[in-house]
Amino acid sequence: MAETMELKSTVKIDEEKLTRIIHFLGAILCYLIAVALTFNPYWQLTIIAGILGGAFFLQLRKGALVGTIAVGLAWGTFLLIKLTKTNVGTLLTQMTGILLGNEQLSWLIILVIILVGALLGAVSGVIGSGMRLLFQNFLEKRQKSQQHE
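Quick note on our numbering: the sequence shown kicks off at 54 and runs consecutively.
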């Protein structure tokens, strides 16, 4: 009897570790897909990365968090690469001078761009988690109805 209880607790601990590993891999996958889609001319496709990242989580809050962090970091990585490799910094400085009247505030435009990406990631992460919850509830109800027949 004691061995059975010990085995169940070991299985539960292993299941928790496996869940954490899956969540971590989901977050990494979300980031990598977001980076790949950010370098695509169609930046709107980064919503796919957030949806896939959010689908790894059953809680909407966690899905939103993963989407926010992954897509926000991907957009930040993209901006960092573009600022160092091309003359985007000059363009941002000129645009800030036109919009805000002060060329020293170009960091503000960069922050707004990253925040837009993070917001896009949060919304898409919630969509991914919500779709998983709906799909999982549908499958559970279907299995219960098939068992009763």
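Backbone N, C-alpha and C fix where the C-beta goes; we use that ideal spot for every residue, glycine too.
Secondary structure at residue 84: helix, using DSSP grouped into helix, strand and coil.
If you draw a 10 Å sphere on the C-beta of residue 91, you find 16 or more other C-beta atoms in it, and that means buried. The Cβ atoms of residue 102 and residue 123 lie closer than 8 Å to each other. Shown here, residue 139 sits in coil according to DSSP, grouped into three states, outside any helix or strand. Where residue 174 is concerned, the enclosing alpha helix (DSSP H) starts and stops at 159 to 201. Restricting attention to 106, 98, 94, 89, the CA atom closest to the CA of residue 76 is found in 106. Boundaries of the alpha helix (DSSP H) harbouring residue 102: 99 to 107, taken from the DSSP string.
No Cβ-Cβ contact shorter than 8 Å links residue 140 with residue 149.
Per DSSP, reduced to three states, the secondary structure at residue 154 is coil, with no helix or strand assignment.
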